[in-house]
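Colleague: Below is one structure. I have some questions about it.
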Amino acid sequence: MTTRPLAVDADARDLAAAEHLVHSLDEMLGTGRPEDAYVISTHVVREPTARFVAVLDWPDGPAVEELTALLADGLPQAYVTLDSPAIDEAAARSAGRLARYPGRTSIETVTTVAAVEADSIVDAVEGLAGISLGPDDTLDLTGFARPVWRAGRCVLLVQRAAGGLVPFEVRHQIPCCSDH
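Using my numbering, the letters of the sequence shown correspond one by one to residues 2 to 181.
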(Lines of atoms letter the chains of each structure in order from A and count residues from 1; the text may use other names and numbers.)
(Lines give C-alpha, C1' and ligand atoms only; values in the text may rest on other atoms or scores of the structure.)
Protein backbone atom coordinates (compact mmCIF):
# COMPACT_ATOMS: atom_id res chain seq x y z
CA MET A 1 0.00 0.00 0.00
CA THR A 2 1.36 3.41 -0.97
CA THR A 3 1.37 5.45 2.19
CA ARG A 4 3.05 8.61 0.96
CA PRO A 5 2.57 10.63 -2.21
CA LEU A 6 5.38 10.67 -4.76
CA ALA A 7 6.61 13.65 -6.76
CA VAL A 8 7.58 13.11 -10.39
CA ASP A 9 9.75 15.84 -11.87
CA ALA A 10 10.24 15.57 -15.63
CA ASP A 11 11.22 19.23 -16.10
CA ALA A 12 7.80 20.14 -17.58
CA ARG A 13 8.07 23.83 -18.47
CA ASP A 14 4.46 24.50 -19.54
CA LEU A 15 0.94 23.13 -19.12
CA ALA A 16 1.18 21.04 -22.29
CA ALA A 17 4.28 19.30 -20.93
CA ALA A 18 2.55 18.84 -17.55
CA GLU A 19 -0.44 17.19 -19.29
CA HIS A 20 1.95 14.97 -21.25
CA LEU A 21 3.55 13.88 -17.98
CA VAL A 22 0.11 13.05 -16.54
CA HIS A 23 -0.75 10.95 -19.63
CA SER A 24 2.61 9.18 -19.37
CA LEU A 25 1.87 8.36 -15.74
CA ASP A 26 -1.56 7.00 -16.73
CA GLU A 27 0.04 4.73 -19.32
CA MET A 28 2.61 3.39 -16.88
CA LEU A 29 0.09 2.79 -14.11
CA GLY A 30 -1.92 0.63 -16.51
CA THR A 31 -5.56 -0.03 -17.15
CA GLY A 32 -8.04 -2.16 -15.30
CA ARG A 33 -8.06 0.08 -12.23
CA PRO A 34 -11.02 2.10 -11.01
CA GLU A 35 -11.25 5.54 -12.58
CA ASP A 36 -10.58 7.22 -9.26
CA ALA A 37 -7.85 4.91 -7.96
CA TYR A 38 -5.32 7.73 -7.67
CA VAL A 39 -5.01 11.48 -7.65
CA ILE A 40 -2.48 13.32 -9.78
CA SER A 41 -1.99 17.02 -9.21
CA THR A 42 0.51 19.31 -10.89
CA HIS A 43 2.39 21.99 -8.99
CA VAL A 44 4.75 24.80 -9.87
CA VAL A 45 8.15 24.33 -8.26
CA ARG A 46 10.37 27.37 -8.63
CA GLU A 47 13.82 26.17 -7.53
CA PRO A 48 16.28 25.75 -9.15
CA THR A 49 14.17 26.64 -12.23
CA ALA A 50 10.41 27.06 -12.62
CA ARG A 51 8.67 23.89 -13.80
CA PHE A 52 5.62 21.71 -13.18
CA VAL A 53 5.98 18.66 -10.94
CA ALA A 54 3.33 15.95 -10.75
CA VAL A 55 2.29 14.53 -7.38
CA LEU A 56 0.87 11.01 -7.43
CA ASP A 57 -1.23 10.01 -4.43
CA TRP A 58 -2.45 6.39 -4.61
CA PRO A 59 -3.57 5.27 -1.14
CA ASP A 60 -4.50 1.71 -2.18
CA GLY A 61 -1.79 1.34 -4.78
CA PRO A 62 1.44 -0.63 -4.77
CA ALA A 63 4.11 -0.21 -2.11
CA VAL A 64 6.11 3.01 -2.35
CA GLU A 65 9.27 1.12 -3.35
CA GLU A 66 7.48 -0.78 -6.13
CA LEU A 67 5.82 2.37 -7.45
CA THR A 68 9.07 4.35 -7.32
CA ALA A 69 10.87 1.62 -9.28
CA LEU A 70 8.05 1.44 -11.86
CA LEU A 71 8.13 5.19 -12.42
CA ALA A 72 11.93 5.35 -12.53
CA ASP A 73 11.98 2.60 -15.18
CA GLY A 74 9.10 4.09 -17.21
CA LEU A 75 10.31 7.68 -17.07
CA PRO A 76 14.11 7.50 -16.99
CA GLN A 77 14.35 11.24 -17.71
CA ALA A 78 12.29 12.05 -14.59
CA TYR A 79 13.27 12.36 -10.97
CA VAL A 80 10.95 10.48 -8.56
CA THR A 81 11.09 11.56 -4.92
CA LEU A 82 9.25 11.42 -1.60
CA ASP A 83 10.59 14.87 -0.70
CA SER A 84 9.31 17.86 -2.67
CA PRO A 85 7.55 21.13 -1.86
CA ALA A 86 4.87 19.94 -4.32
CA ILE A 87 4.04 17.01 -2.01
CA ASP A 88 3.64 19.42 0.90
CA GLU A 89 1.26 21.60 -1.14
CA ALA A 90 -0.82 18.58 -2.17
CA ALA A 91 -0.98 17.26 1.40
CA ALA A 92 -2.08 20.67 2.71
CA ARG A 93 -4.40 21.16 -0.28
CA SER A 94 -2.99 24.65 -0.56
CA ALA A 95 -1.91 24.74 -4.23
CA GLY A 96 -1.82 22.64 -7.39
CA ARG A 97 -4.20 21.68 -10.16
CA LEU A 98 -5.83 18.28 -10.27
CA ALA A 99 -5.45 16.34 -13.50
CA ARG A 100 -6.73 12.98 -12.18
CA TYR A 101 -9.19 12.75 -9.31
CA PRO A 102 -12.27 10.86 -8.12
CA GLY A 103 -15.29 11.60 -10.30
CA ARG A 104 -13.37 13.30 -13.12
CA THR A 105 -14.84 11.26 -15.96
CA SER A 106 -18.38 11.66 -14.63
CA ILE A 107 -18.21 15.46 -14.60
CA GLU A 108 -16.31 16.07 -17.85
CA THR A 109 -19.57 16.57 -19.72
CA VAL A 110 -22.43 19.07 -19.79
CA THR A 111 -23.58 19.04 -16.19
CA THR A 112 -24.69 21.25 -13.31
CA VAL A 113 -22.91 22.84 -10.37
CA ALA A 114 -24.77 20.53 -7.97
CA ALA A 115 -23.80 17.41 -9.95
CA VAL A 116 -20.11 18.40 -10.00
CA GLU A 117 -20.11 18.86 -6.23
CA ALA A 118 -22.04 15.61 -5.64
CA ASP A 119 -20.33 13.33 -8.16
CA SER A 120 -16.66 14.24 -7.74
CA ILE A 121 -14.00 15.27 -5.27
CA VAL A 122 -14.78 18.92 -6.10
CA ASP A 123 -15.91 20.73 -2.94
CA ALA A 124 -17.05 23.92 -4.67
CA VAL A 125 -17.58 25.44 -8.11
CA GLU A 126 -16.71 29.13 -8.16
CA GLY A 127 -17.32 31.72 -10.85
CA LEU A 128 -14.59 34.19 -11.73
CA ALA A 129 -15.09 37.95 -11.91
CA GLY A 130 -18.00 37.95 -9.52
CA ILE A 131 -20.09 35.40 -11.41
CA SER A 132 -22.77 34.13 -9.07
CA LEU A 133 -23.60 30.44 -9.41
CA GLY A 134 -26.58 28.40 -8.34
CA PRO A 135 -26.79 24.61 -7.99
CA ASP A 136 -28.82 24.24 -11.22
CA ASP A 137 -26.50 26.36 -13.39
CA THR A 138 -25.27 24.41 -16.42
CA LEU A 139 -21.54 23.93 -16.99
CA ASP A 140 -19.91 22.68 -20.17
CA LEU A 141 -16.92 20.71 -18.87
CA THR A 142 -16.86 18.43 -21.91
CA GLY A 143 -13.61 16.46 -21.85
CA PHE A 144 -11.59 18.77 -19.59
CA ALA A 145 -12.00 19.98 -16.02
CA ARG A 146 -8.98 20.89 -13.89
CA PRO A 147 -9.94 21.97 -10.38
CA VAL A 148 -7.33 23.40 -8.00
CA TRP A 149 -6.38 22.88 -4.39
CA ARG A 150 -7.05 26.08 -2.47
CA ALA A 151 -7.32 26.66 1.29
CA GLY A 152 -7.85 22.96 2.02
CA ARG A 153 -10.57 22.51 -0.60
CA CYS A 154 -10.90 21.30 -4.17
CA VAL A 155 -12.30 24.19 -6.21
CA LEU A 156 -13.33 24.25 -9.87
CA LEU A 157 -13.10 27.74 -11.34
CA VAL A 158 -15.47 28.60 -14.19
CA GLN A 159 -15.99 31.59 -16.46
CA ARG A 160 -18.53 32.82 -18.96
CA ALA A 161 -17.99 32.05 -22.62
CA ALA A 162 -20.11 32.40 -25.75
CA GLY A 163 -21.72 29.01 -25.07
CA GLY A 164 -22.27 29.49 -21.33
CA LEU A 165 -20.17 28.53 -18.31
CA VAL A 166 -16.90 26.72 -19.03
CA PRO A 167 -13.78 25.86 -17.01
CA PHE A 168 -11.37 28.72 -16.44
CA GLU A 169 -8.51 26.54 -17.67
CA VAL A 170 -9.04 25.28 -21.20
CA ARG A 171 -7.33 22.27 -22.77
CA HIS A 172 -5.45 24.28 -25.41
CA GLN A 173 -3.84 27.35 -23.91
CA ILE A 174 -3.04 30.36 -26.06
CA PRO A 175 0.33 31.76 -25.02
CA CYS A 176 0.21 35.29 -23.69
CA CYS A 177 1.11 37.85 -26.33
CA SER A 178 0.88 35.19 -29.06
CA ASP A 179 -0.31 37.74 -31.62
CA HIS A 180 2.64 40.11 -31.44
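Cβ atoms here follow ideal geometry from the backbone N, Cα and C, with glycine treated the same way.
Consult DSSP for Thr143 and reduce its assignment to one of helix, strand or coil.
Modeller: Coil, per DSSP.
Colleague: Can His44 and Gly97 be called in contact, C-beta distance under 8 Å?
Modeller: Yes, Cβ-Cβ distance for His44 and Gly97 is below 8 Å.
Colleague: Can you give the Cα-Cα distance for Ala70 and Ala162, rounded to whole angstroms?
Modeller: Going by the C-alpha atoms only, they are around 44 Å apart.
Colleague: Any idea if His181 is buried or exposed, counting beta-carbon neighbours within 10 angstroms, 16 or more meaning buried?
Modeller: Low confidence applies to His181: its pLDDT is 43, below 50, so where it sits in the model is not reliable, and the reading given next is rough at best. It is exposed - the Cβ of His181 has fewer than 16 other Cβ atoms within 10 Å.
Colleague: Residues bridged to Pro86 by DSSP?
Modeller: Paired residue(s): none; Pro86 is not in a bridge.
Colleague: Considering only DSSP beta bridges, list what Gly153 is partnered with.
Modeller: Answer by DSSP bridge pairing: none, since Gly153 is not bridged.
Colleague: What are the residues that DSSP puts in a beta bridge with Tyr188?
Modeller: Nothing can be reported for residue 188, as the shown portion of the chain is limited to 2 through 181.
Colleague: Counting along the chain, where does the beta strand (DSSP E) carrying Thr43 start and finish?
Modeller: Looking at the DSSP string, the run of the beta strand (DSSP E) that includes Thr43 is 40-46.
Colleague: On the three-state DSSP scale, how would you describe Gly165?
Modeller: In this structure, Gly165 counts as strand in the three-state DSSP scheme.
Colleague: Provide the residue(s) that pair with Glu66 in DSSP beta bridges, ordered along the chain.
Modeller: For Glu66, which the question treats as bridged, DSSP gives no partner whatsoever.
Colleague: Near Leu22, what residues of its chain come up, given a Cβ to Cβ distance below 6 Å and the 5 sequence neighbours on each side ignored?
Modeller: Within the same chain, Leu22 has close Cβ partners Ala11, Ala13, Ala55.
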